[in-house]
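Here the first sequence is numbered in our numbering, starting from 188 and rising by one per residue. We put the CB at the ideal spot given by N, CA and C, even for glycine. This report concerns only the one structure given below.
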Amino acid sequence: MFYNNNLLVNEVVMSDFTRHARTHTCGQLRAADEGKEVTLVGWVHRRRDHGGLVFVDLRDRFGVTQVVLNPQIDAAAHELAHALRAEFILQARGKVSHRPAGTVNEKLDTGEIEVYADHAQIISQSKTPPFVIEEGETPSEAVKLKYRYLEMRRGPLARALEMRHRVCMAARRYLDALGFLEVETPMLTKSTPEGARDFLAPSRLSPGKFFALPQSPQLFKQLLMVGGMDRYFQIVKCFRDEDLRADRQPEFTQIDMEMSFVDEEEVRRVCEGLIGEMFMAARAIKLDTPFPLISYADAMNRFGVDRPDLRFGMELAGVSALAAQCEFKVFKDALAGGGAVRGMAVPGGAAFSRKDLEDITNEAIQLGAKGLAWIKVTGEGYQSPIAKFFQTATLDGIREALGAGAGDLMVFVADSVKAGYAVLGALRLSLGHRLGLIDGAKLNFVWVVDFPLLEYDEEEKRYVALHHPFTSPKLEDIALFDTDPGKMRARAYDLVLNGSEIGGGSIRIHQREVQDMMFRALSIGPDEAREKFGFLLEAFEFGAPPHGGIAFGLDRICAILTGAESIRDVIAFPKTQKGACLLTDAPSEVAPRQLKELGLKRDLS
RNA sequence: GGGGUCGUAGUUCAGUUGGUUAGAACGCCGGCCUGUCACGCCGGAGGUCGCGAGUUCGAGUCUCGUCGGCCCCGCCA
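So, in structure tokens, the structure goes:
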């Protein structure tokens, strides 16, 4: 028993037989309601006990209303008030009154009025909560996750979930108006070889066999197109058993879409409208559309990543040709080994201390670089341990290529092309943040297009699909299947917002022959293709419409809309970085009987 | 699999060069208080310093291991 006061037991039992009704929510009453007899129910947000007079802030999702418990109005209610504690649920009936002059609380929407309780009862008691339910103070992540239901009462999470709901409703309204049908697809489905690791669900009725939870409804939405549904969408959970990040949870939500008889342009227009509706619903922001396009190659060359953050400059530049003229061994060796020298200008970086430079270098090394070369551009000239290996004319050329001016720092990575992108791309982001170059209020959308179709996987010694195996190559590139698959471009598009990939999709392959060629390019043999995707290949033999689609990361979009650092903050019950649920303690062991029924044996060796 | 960072009261955090009895704020408990709204005032309780081992005369502090939260690389659209 956790009652603070035994005298309340009767109240509690009695209250189970009364109607826990309310006439208004705690955020509803205004001066215009003065004189009304109302009943409120809510959590005791705060109690200010003056002895003879008690004020209670009653809180629900909709707001806070001050209830006054005055012995002259109702002695029993006033007596009860002394027993109230934080997070008790209180039902109070009474008259709405304008507050006395000078006591209006401007900070509350309901601050002009208060309710004089003529009857009050405790509906539910509460242990002292592990943290104070208040806007300002934030408990640590672990505490928030364990007591998620209390965190929800604190405000920010409730508002995030509310916004998420509005975003979803806007999406549904918009897509419905455009003739999309929301169709559900199976959660227990077939494991697919490409892509992320699957979550598996053992089948009791087929011992030894497994369902997989969908990484996305990809194949089903294509089958819906073959089925003539024409325009499909679904707000749907997807599952990928990979390591977590701030923007990655093992189960996450997509706004998944697919359309028949469309090209890239039409998909983008529909998406721009959709995103526009969601931003309007969430933040009353009108977006500039259409969003600009950038090619994958451009994004990589200028920003080092395929999801460029365009809110600030600091673009990368290749300086291999100029670097070839220097005597610096590191650069020469990298170039001789087929690598490249890339660099960027850091605004104001000439003022960096030795320690600053050391930190940046360590960061680059942590990101996979062998080292980081730097040259300060000062009013007097170039200042750097490696400047002596360069002729001044060469340095001038490099400075010009990077767009560096006096007071800036030039940094360089000499490595393989890929490693150079990775290091400088990440360094650009981190320096951009640290130097305050990023305007947090900006919303910078860009479509990344012209992705390569395939990427050579050194480990597996074969090509893998950059997007997925059902992405159509550009028609003019199809001949390259036989000659140079690595050069093929995909009919794919990613939508990037502020350096975060919020959606990606493609025009799909709808011809059996092309799909066969694709599998061949991926070294998926005919037998394996038939076993894994036979149903799709067969469907393509029955009049498959050309189609394409996209999936948006709802969690990421909501995180950006609320300014959250992590998608955890827009998910009601998220998991920790180790993929655990601190609230339910999942995953957990199961009874031996359950394993036996499924024909499973544990082997943790 | 790897790198970084954090773990001290219910919560958020401080704790010096290894040294006596580990502190603060909020919260909690008791008392007083009829216009507060982060109410105020008086008093009080509350600690396995994540866990384990080691170094030391002595460990919250140093070392190793381990568990957990967070960020990142790998992985993943």
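- In terms of Cα proximity to Y334, the closest of K788, R789, K542, C768 is C768.
- Taking C-beta atoms under 8 Å as the contact rule, S659 and Y680 fail to qualify, at a distance of about 12 Å.
- Non-local beta-carbon contacts of R755 in its own chain, meaning distances under 7 Å to residues more than five positions away in sequence, involve P761 in chain order.
- Nearest to R280 by C-alpha distance, out of T476, M675, D261, is D261.
- The distance from the Cβ of G619 to that of F499 is about 5 Å, consistent with a contact at the 8 Å cut-off.
- The shortest CA-to-CA distance from D664 to any of N685, A345, G673 is the one to G673.
- In the DSSP assignment, T658 falls outside any beta strand (DSSP E) and carries neither an H nor an E.
- Around the Cβ of I747, a 10 Å sphere holds 16 or more other Cβ atoms; the residue is buried.
- With a minimum length of 4 residues, the unbroken runs of alpha helix (DSSP H) contained wholly in the stretch 668-709 fall at 699-708.
- Looking at the DSSP output, D790 sits in no beta bridge, so it has no partner there.
- In terms of Cβ geometry, V633 and P479 form a close pair [threshold 7 Å].
- Among the bridge pairs identified by DSSP, D236 is matched with V241.
- 7 Å or more divides the Cβ of F668 from the Cβ of I573.
- D543 counts as exposed, since fewer than 16 other C-beta atoms from the protein chains shown sit within 10 angstroms of its C-beta.
- Annotated three-state conformation of A307 is strand, per DSSP.
- A504 and G530 do touch by the CB rule: their CB atoms are close to 6 Å apart, below 8 Å.
- Annotated three-state conformation of Y569 is strand, per DSSP.
- By the neighbour-count criterion, in which 16 or more other beta carbons inside 10 Å mark a residue as buried, R360 falls on the exposed side.
- Rounded to the nearest whole angstrom, the C-alpha separation of T581 and A508 is 10 Å.
- At a Cβ-Cβ threshold of 7 Å, E274 and W230 count as neighbours.
- Judged by DSSP secondary structure, C425 falls within the beta strand (DSSP E) whose first and last residues are 418-426.
- When rounded, the separation of the alpha-carbon atoms in R418 and Q405 is 14 Å.
- A distance below 7 Å between beta-carbons, with the five flanking residues on each side excluded, links D443 to the following residues of its chain, in chain order: S403, P404, K408, F420, Q421, V423, A738.
- Within the stretch 484-514, the runs of beta strand (DSSP E) that reach at least 3 residues and sit entirely inside it are, in chain order, 503-505.
- The criterion of a C-beta distance shorter than 7 Å is satisfied by V413 and A726.
- Put simply, the backbone Cα of G366 is about 14 Å away from that of C458.
- Residue state for Y334 is assigned as coil, using DSSP reduced to three classes.
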